[in-house]
Amino acid sequence: MNDQFDVIVVGGGIAGLVAGLTAVEAGSRVALVDSHAVGGRAKSVERNGYIYNQGPHALYLAGHLQPFLDARGLSPAGGTPATKTVRLLRGGDLHELTFSPVGLGRTKLLSPSSRVKLLALLAGFARLKTAQFVGTTWSDWLSGQPDDIAGILAMLARTGTYVNAPDSFDAAAALQQAQLALLGVRYLDGGWQAMIESMVARFEATGGTVIAHRTVQSIASDGDVAVETSDGVLRGNAVVVAGLSPDATERVTGGAIRGRDALGAPVHAAALDLALARPHPGVVFGIDEPLYLSAHAPTAKLAPADGGLVSLLRYIPDGEVGDAAADRARLRSLATQAGIEDEAIIDERYLHRLVVAHGFPAAHGGGLRGRPTIDALGQTGVFIAGDWVGGEYQLADASSASGEAAARRAVDHGARTADARAR
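Under our numbering, the first residue of the sequence shown is numbered 11, with each subsequent residue one higher.
As structure tokens, this is what we get:
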């Protein structure tokens with residue numbers, strides 16, 4: 011196999027696939043290298059006709075990844091969850107709430123004055139200028155709200171970001187993600203694996219080379235880039251290190267990431283998926299507990315025609331190690347409380363302490379705009395991408411945005427390098 015490329019992408023998750031597609035579409039010879047099968051945390055598995063993502067996944071319609079796929083005719087099919095009427099868990103009891111003027115005006119979850127205030131807040135929420143709150147912690151921002159409103163807003167932020175670190179999470183980042191969520195999300199038919207497979211197929215059809223199950227041991231740059239792997243050295247003009255954690259990025263490159271101390275800690279969650287013999291319509295969000303329950307099938311095609319798939323989540327607080335048995339038991343208890351009977355459960359899968367993101371936008375670091383940039387290693391021809399990189403978006407959309415930006419820089423660098431050689 012030819013070991014010389016224009017751009018080498020290390021990491022085959024969302025960031026890597028977006029980077030690879032961007033570079034190969036620009037006419038570069040591109041290799042996409044991963045130590046496992048391509049897909050990263052977006053891989054799905056199928057068991058007995060039920061498709062499990064790695065925890066509940068939703069594609070933000072107004073984020074970066076969805077428009078990127080749309081532009082290439084790769085928009086994944088799926089369904090939009092019905093969340094206008096939900097049940098909220100507070101004080102151990104479930105309370106139904108409809109997010110409409112009438113529903114909010116009648117709910118017992120809010121005092122009369124808070125109902126009026128929340129209605130006014132939501133009416134202007136899409137136009138809220140969030141930049142003024144950069145550097146303010148989420149807990150400080152919430153402290154200006156009555157307790158009942160603060161509980162609902164905290165729930166919305168957890169649901170949209172997975173972050174449970176109110177004392178350090180940047181308020182502007184929390185609010186921006188909530189604004190994005192209100193524009194709609196989609197659960198994907200066939201799981202996120204279907205999206206991954208379509209991206210891989212396009213990448214290979216456009217001339218890209220996938221090298222799976224090959225571990226990258228080190229990356230060196232001295233004008234050219236050398237990527238040492240478990241099966242030889244790949245050489246290129248530029249490299250994009252995509253989707254790796256900050257620790258792994260520094261380990262393989264031997265460099266230090268500028269601005270890393272501006273990041274919050276990795277984001278973790280405990281997830282329980284229940285395969286059901288029949289659909290369950292419930293949606294439950296915790297107010298005073300960091301819990302989530304949503305029916306992902308039949309909203310998306312993830313289960314047999316008559317079945318259902320419910321995903322539950324506990325947003326692990328920042329700094330908590332968590333207890334697998336206790337977290338699983340709590341999620342199972344929530345399922346029972348939501349009306350899911352044991353006899354309806356065909357299969358279940360529990361994943362403890364999932365890594366949702368490798369770092370959240372912290373208030374002390376300036377929020378999104380304080381995160382490391384794609385050239386934060388300061389190494390010639392070496393660029394980074396991931397859910398903790400760049401000044402835009404969070405979660406998969408941050409991976410996608412930084413992956414595209416890093417690839418464009420890598421292509422430009424490679425072109426300049428080739429021109430210099432030609433002279």
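Every residue gets a Cβ at the ideal spot worked out from N, C-alpha and C, and that includes glycine.
Alpha carbon of residue i to alpha carbon of residue j, nearest angstrom
i      : j      : result
Glu214 : Val365 : 29 angstroms
Ala36  : Ala417 : 9 angstroms
His46  : Gly317 : 31 angstroms
Gln404 : Ala430 : 37 angstroms
Ser304 : Gly375 : 33 angstroms
Met11  : Arg324 : Because Met11 carries a pLDDT of 49, less than 50, the predicted location of this residue cannot be relied on, and the following value inherits that uncertainty. Roughly 46 angstroms separates the two Cα atoms.
Phe15  : Val210 : 18 angstroms
Ser3   : Asp157 : Any property of residue 3 remains undetermined from this structure, which presents the chain solely from 11 to 433.
Asp234 : Asp13  : 13 angstroms
Gln187 : Arg224 : 35 angstroms
Ala313 : Leu284 : 11 angstroms
Leu138 : Ala130 : 12 angstroms
Arg100 : Gln347 : 13 angstroms
Pro93  : Thr390 : The identity of residue 93 in the sequence shown is Thr, whereas the question assumes Pro. Cα to Cα, Thr93 sits roughly 47 angstroms from Thr390.
Range of the contiguous alpha helix (DSSP H) that encloses residue i
i      : result
Thr219 : No alpha helix (DSSP H) contains Thr219, which is instead part of the beta strand (DSSP E) from 219-221.
Gly424 : 405-432
Beta-carbon spacing of residue i, residue j below 8 angstroms
i      : j      : result
Glu260 : Ala266 : yes
Pro276 : Gly369 : yes
Arg419 : Gly400 : no
Ala373 : Gly145 : yes
Ala281 : Gly65  : yes
Ile297 : Ile162 : yes
Ala310 : Gly83  : no
Ile394 : Val237 : no
Val43  : Thr239 : yes
Asn63  : Trp202 : yes
Leu4   : Leu244 : No statement about residue 4 is possible, as the shown extent of the chain runs from 11 to 433 and does not include it.
Pro111 : Val293 : no
Leu344 : Leu301 : yes
Ile206 : Ala52  : yes
Where the beta strand (DSSP E) through residue i begins and ends
i      : result
Ser124 : It is not in any beta strand (DSSP E) - Ser124 instead sits in the alpha helix (DSSP H) that spans 122-133.
Phe212 : Rather than Phe, the amino acid found at residue 212 in this sequence is Arg. That residue, Arg212, is in no beta strand (DSSP E); its alpha helix (DSSP H) goes 201-215.
Glu106 : 103-108
Ser228 : 226-231
Thr239 : 235-239
Ile24  : Careful: Ile24 lies outside any beta strand (DSSP E), inside the alpha helix (DSSP H) at 24-35.
8 angstroms Cβ cutoff, residue i in contact with chain C
i      : result
Asp283 : The chain labelled as chain C is not found in the depicted structure, where only one protein chain is given.
Could you give the uninterrupted runs of the alpha helix (DSSP H) lying entirely in the segment 38-94, keeping only those of 4 residues or more?
-> 75-80
Do the segment 238-252 and the segment 197-217 meet, that is, are 3 or more Cβ pairs less than 8 angstroms apart?
-> no
3-residue-minimum beta strand (DSSP E) runs that sit fully inside the segment 281-363, ordered along the chain = As for any beta strand (DSSP E) of minimum length 3 sitting wholly inside the segment 281-363, the runs are 293-296, 301-307, 318-325, ordered along the chain.
Runs of alpha helix (DSSP H) wholly within the segment 114-194 (minimum 4 residues, chain order) | Taking 4 residues as the minimum length, the alpha helix (DSSP H) runs contained wholly in the segment 114-194 are 122-133, 148-152, 157-171, 181-191, in order along the chain.
Three or more C-beta pairs closer than 8 angstroms, one from the segment 326-344 and one from the segment 111-120: is that the case here?
-> These segments do not touch.
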